[in-house]
Structure formats: C-alpha cells, structure tokens
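Single-structure report; data block below.
Residue numbers (the working numbering): 1 to 201.
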C-alpha cells in the first residue's frame with residue numbers, strides 16, 4: 001500500500017466516509033491495453049422528452065453547419081466521416097454526458113435528477129467547515145435522501161408490476177396489440193390476481 005485517503009464526497013446517507021487506497025501490483029512486463037477505450041454515453045437521459053428534443057435541436061444545428069461547410073469546400077469522404085463523428089460525439093458529450101455510473105434500467109429520469117440534487121447537497125455539507133453551518137444543509141440532505149428513496153421504491157414497484165403483467169399476458173398467450181380496448185386491473189396486495197374486464201386471468 002502506498003497511500004490511503006478518505007473520500008468525503010461519496011453520496012451515502014451516513015456520517016462515515018469510505019477510504020481509497022493506492023496499491024502497487026506486480027503485473028506482466030509487457031502489459032498492453034489493446035486499442036482505445038469506447039466512449040459510453042448516458043442514454044437514460046434521452047428517455048426524457050425535453051432532453052431528447054434539446055439533443056435533436058443541437059444535433060441539427062451541428063449537421064447544418066457541417067453541411068454548409070461541405071458546400072463551400074471540396075472535401076474527401078474521410079473528412080466528411082470525421083466531421084460527422086466529431087459532431088455526434090461532441091453533441092453526446094454535451095447533452096446526455098458520459099456514462100459515469102451504471103444505473104438500473106427501471107430508474108426514471110426524474111429519480112436520476114433527484115439523485116444529482118442529493119449529491120449537490122452532500123457536497124455542500126462537506127464544504128461547510130463550521131458545525132453551525134452544517135445544520136441547514138444536513139436537514140436538506142436528509143429530506144432529499146427520503147425523496148430519492150421514495151422515488152426509487154416507486155420506480156421499482158412500477159417496473160415489477162409491468163413485468164408481472166407482461167409475463168401473465170405471455171403465459172396465457174394474450175396479444176396486447178390486438179387493437180381491442182380492455183380495462184386491466186392489478187391488485188397490489190394479492191400478487192396473483194390480475195383481472196381483465198373483471199375476469200380473473
């Protein structure tokens with residue numbers, strides 16, 4: 001072990017801080033990574049219609065500028081491809097951003113925004129140095145943490161309910177896309193009862 005530090009910026013609802021350590025490992029002499037790493041972007045934010053529309057507008061502006069540039073100058077096909085790739089990657093870095101953390105697919109965009117707000121409140125607590133200044137941010141952080149937990153629980157229940165309903169439909173061979181309007185009721189207390197037009201499936 002070379003160096004050990006506490007990481008005060010971790011977003012956990014506790015007064016404890018995780019520890020990070022620098023360790024020296026003996027690897028093979030000729031260690032090669034084999035090429036460049038892929039850039040992964042956060043596609044979950046594009047589920048939000050506002051961010052998707054903003055992404056489309058900025059991408060259209062970049063492609064319009066690229067098209068105007070191509071009309072003025074004679075360029076090769078390689079230059080065209082480089083321009084398209086650069087426009088796409090710069091737009092993806094600007095709007096959705098890089099995929100910093102792995103989030104479950106069922107977590108909604110609103111919950112991700114609440115998580116980001118909670119992280120900002122955690123950094124406000126860490127930055128305040130006097131204990132009297134920490135009282136108000138600590139109360140705000142506790143409230144934000146409760147909202148995040150409620151939102152995550154609601155998203156999880158919604159995801160579980162939709163997967164159970166689709167599984168029930170698949171098990172009885174019911175095609176959802178028949179064009180018929182049916183009233184589907186789901187009882188949260190009794191997980192086995194799914195009714196379709198008041199008939200238990």
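For every residue, glycine included, the Cβ atom is placed at its ideal position computed from N, Cα and C.
On a Cα-Cα basis, can you pick out the residue from the options that is closest to residue i?
{"i": "residue 3", "options": "69, 54, 19", "result": "19"}
{"i": "residue 13", "options": "39, 118, 106, 65", "result": "118"}
{"i": "residue 54", "options": "96, 145, 127", "result": "96"}
{"i": "residue 25", "options": "16, 42, 1", "result": "1"}
{"i": "residue 106", "options": "172, 43, 16", "result": "43"}
{"i": "residue 98", "options": "158, 40, 10, 155", "result": "40"}
{"i": "residue 104", "options": "131, 149, 156, 67", "result": "156"}
Residue i to residue j, Cα distance in whole Å?
{"i": "residue 122", "j": "residue 137", "result": "8 Å"}
{"i": "residue 125", "j": "residue 167", "result": "45 Å"}
{"i": "residue 5", "j": "residue 21", "result": "6 Å"}
{"i": "residue 65", "j": "residue 116", "result": "33 Å"}
{"i": "residue 170", "j": "residue 151", "result": "29 Å"}
{"i": "residue 23", "j": "residue 7", "result": "16 Å"}
{"i": "residue 165", "j": "residue 70", "result": "52 Å"}
{"i": "residue 127", "j": "residue 147", "result": "23 Å"}
{"i": "residue 85", "j": "residue 63", "result": "11 Å"}
{"i": "residue 133", "j": "residue 140", "result": "12 Å"}
{"i": "residue 76", "j": "residue 83", "result": "11 Å"}
{"i": "residue 180", "j": "residue 172", "result": "Low confidence applies to residue 180: its pLDDT is 46, below 50, so where it sits in the model is not reliable, and the reading given next is rough at best. Roughly 17 Å between the two C-alpha positions."}
{"i": "residue 144", "j": "residue 154", "result": "15 Å"}
{"i": "residue 16", "j": "residue 73", "result": "60 Å"}
{"i": "residue 159", "j": "residue 81", "result": "40 Å"}
Could you check what DSSP says for residue i in three-state terms: helix, strand or coil?
{"i": "residue 91", "result": "helix"}
{"i": "residue 56", "result": "helix"}
{"i": "residue 21", "result": "strand"}
{"i": "residue 98", "result": "strand"}
{"i": "residue 6", "result": "strand"}
{"i": "residue 70", "result": "helix"}
Quiz prompt | Touch test, the region 104-124 against the region 42-58, Cβ-Cβ under 8 Å, three pairs minimum | solution = yes
Quiz item: Looking at C-beta atoms only, is the number of pairs between the region 82-101 and the region 55-66 that lie closer than 8 Å three or more?
Solution: yes
Quiz item: Which parts of the region 101-143 are runs of the alpha helix (DSSP H), unbroken and 4 residues or longer, counting only runs that do not cross its ends?
Solution: 109-127
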